[in-house]
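Participant: Pasting in a structure now, in structure tokens, and then I'll have a few things to ask.
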Amino acid sequence: MNKHSNSFWVLASLFEYSTVTIAYQTEARITQSKPSGSSRWFAKLSQRFKRSQINENGQDSHRYGFAVGLAAGLYFANHGPSVVPIVAAKDKPMISPVKPRERDFYAPNSEALASDEMRVIACGTGMPTPRPAQAAACFLVELGNGDKFLFDIGDGSVERLFGLQIPTAFLDKVFIGHLHGDHFGGIGALYVAGGIAGRFSPLRIWGPSGSTPELGTKAAIDAMETMYAWDLAGRLGQTDVRGFATDVTEFDYKKVQVVYEENGVKITAFPAIHAIDGSVSYRLDWKGLSFVFSSDTYPNKWFVEYAKDADLVVHECFIAVPDLVAIYGLTPEAALQVGTQIHTAPEAFGKIMSLVKPRHAVAYHFWNGPDSTPAVLERILKTYDGPLSLAEDYMVWNVTKDGIRERMAVINHHSWNPPAAYPPEPVKAEDRVGYSPEIEAGRYNVDDVLKPIYEEAGKALGREFEYPSN
Ligand SMILES: [Zn+2]
Ligand SMILES: [Zn+2]
16 MNKHSNSFWV
26 LASLFEYSTV
36 TIAYQTEARI
46 TQSKPSGSSR
56 WFAKLSQRFK
66 RSQINENGQD
76 SHRYGFAVGL
86 AAGLYFANHG
96 PSVVPIVAAK
106 DKPMISPVKP
116 RERDFYAPNS
126 EALASDEMRV
136 IACGTGMPTP
146 RPAQAAACFL
156 VELGNGDKFL
166 FDIGDGSVER
176 LFGLQIPTAF
186 LDKVFIGHLH
196 GDHFGGIGAL
206 YVAGGIAGRF
216 SPLRIWGPSG
226 STPELGTKAA
236 IDAMETMYAW
246 DLAGRLGQTD
256 VRGFATDVTE
266 FDYKKVQVVY
276 EENGVKITAF
286 PAIHAIDGSV
296 SYRLDWKGLS
306 FVFSSDTYPN
316 KWFVEYAKDA
326 DLVVHECFIA
336 VPDLVAIYGL
346 TPEAALQVGT
356 QIHTAPEAFG
366 KIMSLVKPRH
376 AVAYHFWNGP
386 DSTPAVLERI
396 LKTYDGPLSL
406 AEDYMVWNVT
416 KDGIRERMAV
426 INHHSWNPPA
436 AYPPEPVKAE
446 DRVGYSPEIE
456 AGRYNVDDVL
466 KPIYEEAGKA
476 LGREFEYPSN
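Under the numbering used here, think of the first position of the sequence shown as 16, with each following residue one higher.
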């Protein structure tokens, strides 16, 4: 109609064209993304980094420039604008576009999975010592058939799971790779809080044996249930406690074996090398898609064999040795031992991935931030140049035959309990354990303020609630 409305449409179509998920760290990070100004920028950054690798002798300024660029890249990739106009409009538009664009983040429970699609969400990517930004190891795999699986359940990861607002009845299958606290320390929270919030069935747990029975998964989970004896006793007759039970499948850590096969999903366990005997890794296969999770391990032959050509391959990658001393506080001796012999150093992670050649590699188990990530990436790129994500909590991958898309999940930090999948059973007051006479006698009489709450509930819900007589 006029010059301004014309320029509006030109700009709107430009915006639409340039709406992509930002790629960072390597140009191949998102295998199905369209090109954008930002991804070209990051590609240039990456190129610059590669040049500094080639001319490595004494070119510290390149490395510094890269580190600054990477930190900026990490920031913008996660927080920054996703719209980067490719061509500047000649005229300033008079109105901004109002047409919705494709989301560049994942809003939990807002997207249906296709019947042949897999979604993986990092619910813990950190280290054995707690850090607010990163819970310890936990990856959730959701399949288009409705199945959900947890791989490791490290300290703090259950907060992330609850943030995703998935009914806990569906978070009932946990595959533990090894019994370090940062890989199963959240099991108590999933057992108790999951049981309270709507998992009214046993928590199913798979995990390896140990070199002796007391070092195996069954003994650990039995001990956990014993540890929560008081917790459970206090809930009897108060809430539905059917979820306060476990169903443990312990298998031989030395064997390569299928440990789960239901509903078209096959999960294979194979040995890992970490700390002492009794660590394993897992591979999940479903509808021609595959997910592999290392848990913790030194580079090993089984992983190279059983992760070969898989779709999404998650392998541990420790903080670079110099930063284990400078940032993590280890002695040089401990940093060398832990960072190269107990775990997988970034250089070794890259070497393993170059052998495995996954459709998409995921590194986790390092502090992901501007201080420690540059060295991790620099060292990985010495030995691997394929598609790569440096995992952080709430990173999401949608995996189909056509592509693998990485985004960040956005959650409500003040979310309530996830909805229950089905209602609890009524409880019986006679099941309550109650108090001893000495403790009972200590009640202060506040009936005058509590009784009206019962009356209020009765009026609101149209039925009578009997006030307890002590
Ligand atoms: Zn470990
Ligand atoms: Zn670990």
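Even for Gly, the Cβ is constructed at its ideal location relative to N, Cα and C. Remember, it's a predicted structure, so these values are computed and weren't measured experimentally.
#1: Measuring alpha carbon to alpha carbon, tell me which residue in ASN315, LYS323, TYR343, HIS289 is nearest LEU299.
#2: What do you get for ALA151, buried or exposed, if any count of 16 or more other CB atoms within 10 angstroms of its CB means buried?
#3: In three-state DSSP terms, what is PRO286?
#4: Suppose you measure from the CA of PHE164 to the CA of ARG458; what does that come to, to the nearest Å?
#5: Given the structure, does ASP386 come close to ligand 2, in the sense that its CB is under 6 Å from one of the ligand's heavy atoms?
#6: Within a Cβ cutoff of 6 Å, which residues of the same chain sit near PRO314, ignoring the five residues on either side of it in sequence?
#7: If you drop the 5 nearest sequence neighbours on each side, which residues of the same chain put their C-beta closer than 8 Å to that of VAL353?
#8: Please find out if some non-hydrogen atom of ligand 2 comes closer than 6 Å to the beta-carbon of HIS429.
#9: Should PRO96 go down as buried or exposed, given a rule of 16 or more other Cβ atoms within 10 Å for buried?
#10: Could you have a look at TYR121 and say whether DSSP puts it in helix, strand or coil?
#11: Taking the alpha helix (DSSP H) that ALA349 belongs to, which residues open and close that run?
#12: Just to confirm my understanding: we take TYR399, look at its own chain, exclude 5 residues before and 5 after, and list those with CB closer than 6 Å. What are they?
#13: Consult DSSP for GLY161 and reduce its assignment to one of helix, strand or coil.
#14: Near VAL207, what residues of its chain come up, given a Cβ to Cβ distance below 7 Å and the 5 sequence neighbours on each side ignored?
#15: Around the C-beta of GLY477, are 16 or more other C-beta atoms found within 10 angstroms, so that it is buried, or is it exposed?
#16: Counting along the chain, where does the beta strand (DSSP E) carrying ASP134 start and finish?
#17: Along the chain, which unbroken stretches of the beta strand (DSSP E) at least 3 residues long are found entirely within the region 350 to 395?
#18: With a threshold of 16 other CB atoms inside 10 Å of the CB of LEU465, please say whether the residue is buried or exposed.
#19: For PRO286, which option in GLU445, ILE211, ASP311 has the closest C-alpha, if you only look at C-alpha atoms?
#20: Do the region 250 to 258 and the region 286 to 296 meet, that is, are 3 or more Cβ pairs less than 8 Å apart?
#21: Could you have a look at LEU476 and say whether DSSP puts it in helix, strand or coil?
#22: Starting from the Cα of SER387, find the closest Cα among VAL113, MET142, ALA235, GLY279 and give me that residue.
#23: What residues sit near ligand 2, counting only those whose C-beta is closer than 6 Å to one of its heavy atoms, in chain order?
#24: Using a Cβ-Cβ cut-off of 8 Å (strictly less than) and excluding sequence neighbours within five positions of GLY473, which residues of its own chain qualify?
#25: Just mark ALA406 as buried or exposed, buried being the case when its beta carbon has 16 or more other beta carbons within 10 Å.
#26: Measure the alpha-carbon distance for PRO441 versus THR254 and round it to whole angstroms.
#27: Under a three-way DSSP split, which group does LYS107 fall into?
#28: DSSP three-state label for PRO424, please.
#29: In the DSSP assignment, find the unbroken beta strand (DSSP E) run with VAL319 in it and report its ends.
#30: Among residues of its own chain, excluding the 5 on either side of THR283, which ones have a beta-carbon nearer than 6 Å to its beta-carbon?
#31: Tell me, which residues are paired with ILE291 by DSSP?
#32: Can you tell me whether DSSP reads ARG146 as helix, strand or coil?
#33: Which residue's Cα is closest to the Cα of PRO439: ALA235, GLY449, GLY210, LYS316?
#34: Counting only the same chain and skipping the five closest in sequence on each side, list residues whose C-beta sits under 8 Å from that of VAL319.
#35: Mind checking whether THR241 and GLU265 have CB atoms under 7 Å apart?
Facilitator: This is what the structure holds:
#1: Your numbering for residue 299 matches position 284 in the sequence shown. The residue with the shortest Cα to Cα distance from LEU299 is LYS323.
#2: If you number the sequence shown from 1, residue 151 lands on position 136. Classification for ALA151: buried.
#3: As a first step, residue 286 is located in the sequence shown; it is residue number 271 there, counting from the start. If DSSP states are grouped into helix, strand and coil, PRO286 belongs with the strands.
#4: Numbered from its first residue, the sequence shown carries residue 164 at position 149. Numbered from its first residue, the sequence shown carries residue 458 at position 443. Taking the straight line joining both Cα atoms gives about 45 Å.
#5: In the sequence shown, counting from the first residue as 1, residue 386 sits at position 371. ASP386: no, Cβ never under 6 Å from ligand 2.
#6: Position 299 of the sequence shown, counted from the start, is the residue given in the question as residue 314. Cβ neighbours of PRO314 beyond the five flanking positions: THR359, ALA363, ILE367.
#7: On the sequence shown, position 338 is the one that residue 353 refers to. Same-chain partners within the cutoff: PHE333, LEU339, LEU345.
#8: In the sequence shown, the residue the question calls residue 429 occupies position 414. Result no, Cβ not under 6 Å from ligand 2.
#9: Locating residue 96 in the sequence shown gives position 81, counting from the first residue. In this prediction, PRO96 scores a pLDDT of 40, lower than 50, which makes its location untrustworthy; the coordinate-derived value is nonetheless stated afterwards. Flag for PRO96 reads exposed.
#10: Position 106 of the sequence shown, counted from the start, is the residue given in the question as residue 121. Residue state, collapsed to three classes: strand.
#11: Translated into the one-based positions of the sequence shown, residue 349 becomes position 334. Looking at the DSSP string, the run of the alpha helix (DSSP H) that includes ALA349 is 347 to 351.
#12: Along the sequence shown, read from residue 1 onward, the residue named residue 399 stands at position 384. The residues are GLY365, MET368, SER369.
#13: Working through the sequence shown from its first residue, we reach residue 161 at position 146. Residue state, collapsed to three classes: coil.
#14: Within the sequence shown, numbered from 1, the residue matching residue 207 stands at position 192. So the qualifying residues of the chain are TYR243, ASP246.
#15: One-based indexing of the sequence shown puts residue 477 at position 462. It counts as exposed.
#16: Along the sequence shown, one-based indexing puts residue 134 at 119. Sequence inspection shows Arg at residue 134; the Asp mentioned does not correspond to that position. From DSSP, the beta strand (DSSP E) with ARG134 extends over 133 to 139.
#17: 375 to 379
#18: On the sequence shown, residue 465 is found 450 positions in, with the first residue counted as 1. Exposed, because fewer than 16 other Cβ atoms sit within 10 Å of the Cβ of LEU465.
#19: Stepping through the sequence shown from its first residue, residue 286 is reached at position 271. PRO286 has its Cα closest to that of ASP311, out of GLU445, ILE211, ASP311.
#20: no
#21: For the purposes of this step, residue 476 is taken as residue 461 along the sequence shown, with counting starting at 1. Helix.
#22: Taking the sequence shown and counting its residues from 1, the one referred to as residue 387 is at position 372. Answer by Cα proximity: MET142.
#23: PRO143, ALA152, HIS195, ASP197, HIS198, ASP311, HIS380
#24: Counting from 1 along the sequence shown, the entry for residue 473 is found at position 458. Cβ neighbours of GLY473 beyond the five flanking positions: GLU479, PHE480.
#25: Translated into positions along the sequence shown, residue 406 becomes position 391. With 16 or more other Cβ atoms within 10 Å, it is buried.
#26: Locating residue 441 in the sequence shown gives position 426, where the first residue counts as 1. Locating residue 254 in the sequence shown gives position 239, where the first residue counts as 1. For PRO441 and THR254, the distance between alpha carbons rounds to 8 Å.
#27: The count along the sequence shown starts at 1 and reaches residue 107 at position 92. Coil at LYS107, not helix or strand.
#28: Taking the sequence shown and counting its residues from 1, one reaches residue 424 at position 409. Note that residue 424 is Ala in the sequence shown here, rather than Pro. If DSSP states are grouped into helix, strand and coil, ALA424 belongs with the strands.
#29: By one-based count along the sequence shown, residue 319 stands at place 304. No beta strand (DSSP E) holds VAL319; the alpha helix (DSSP H) holding it covers 316 to 321.
#30: Position 268 of the sequence shown holds residue 283. These residues qualify, in order along the chain: VAL273, ARG298.
#31: On the sequence shown, position 276 is the one that residue 291 refers to. Bridge partners of ILE291: HIS289.
#32: Working through the sequence shown from its first residue, we reach residue 146 at position 131. In this structure, ARG146 counts as strand in the three-state DSSP scheme.
#33: The residue you call residue 439 lines up with position 424 of the sequence shown. The candidate whose alpha carbon is nearest that of PRO439 is GLY210.
#34: Position 304 of the sequence shown, counted from the first residue, corresponds to residue 319. Once the five neighbours on either side are set aside, the close Cβ partners of VAL319 are ILE367, LEU370, VAL371.
#35: Looking up residue 241 in the sequence shown gives position 226. Looking up residue 265 in the sequence shown gives position 250. No; because the gap between Cβ atoms is not below 7 Å, this pair is not in contact.
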